[in-house]
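J.:
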Amino acid sequence: MAATKDGCGLGEVTSGNGRRLHLGIPEAIFVEDVDSFMKQPGNETADTVLKKLDEQYQKYKFMELNLAQKKRRLKGQIPEIKQTLEILKYMQKKKESTSSLETRFLLADNLYCKASVPPTNNVCLIMLAIRNMVRFSKHVILNTPKFILKG
């Protein structure tokens, strides 16, 4: 019995049996010698082995579905991140002037409110996924998320 490894090293964790897991996904086992595999403890009949392998396959399909949904959700956030960066760049340009930035922001669907934003060095971001608000300097925000958009 031989197993192949990914070897990329990202997100790897060691499970209780010493195998390395990538993002919590158990390592798939390639069966080279069926006779020796069937002689292992717990592999008494072909039905039990097929049932175990089918359960493991269903787990992989479930994990694949979850990862695909996560990928779609994250890709959907890219336009919002780009828009936020453009707004921050615009605010950075306006910082040199002493006048306030007059704008409108979305309160609800098709409902906007006028706002006056004074020049500032700090920005507060609301992170809905973790239900938290964090205050950053604009310099940090403008330089951090660029790697996200390159993928």
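Heads up: the sequence shown begins at 1 in full-length UniProt numbering, then just goes up one per residue.
Glycine included, every Cβ here is placed at the ideal spot set by N, Cα and C.
Since the model is a prediction, treat every value here as computed from it, not as a measurement.
How big is the Cα-Cα spacing for Ser116 and Gln77?
T.: 27 Å
J.: Hey, out of Ile87, Thr120 and Pro26, whose CA is closest to Tyr57's CA?
T.: Pro26
J.: According to DSSP, is Ser116 part of a helix, a strand, or is it coil?
T.: strand
J.: Should Leu88 and Lys94 be called a contact, given that it needs their Cβ atoms to be closer than 8 Å?
T.: In this structure, Lys94 does not lie closer than 8 Å to Leu88 by Cβ.
J.: What residue does the alpha helix (DSSP H) around Thr84 start on, and which one ends it?
T.: Ala46 to Lys94
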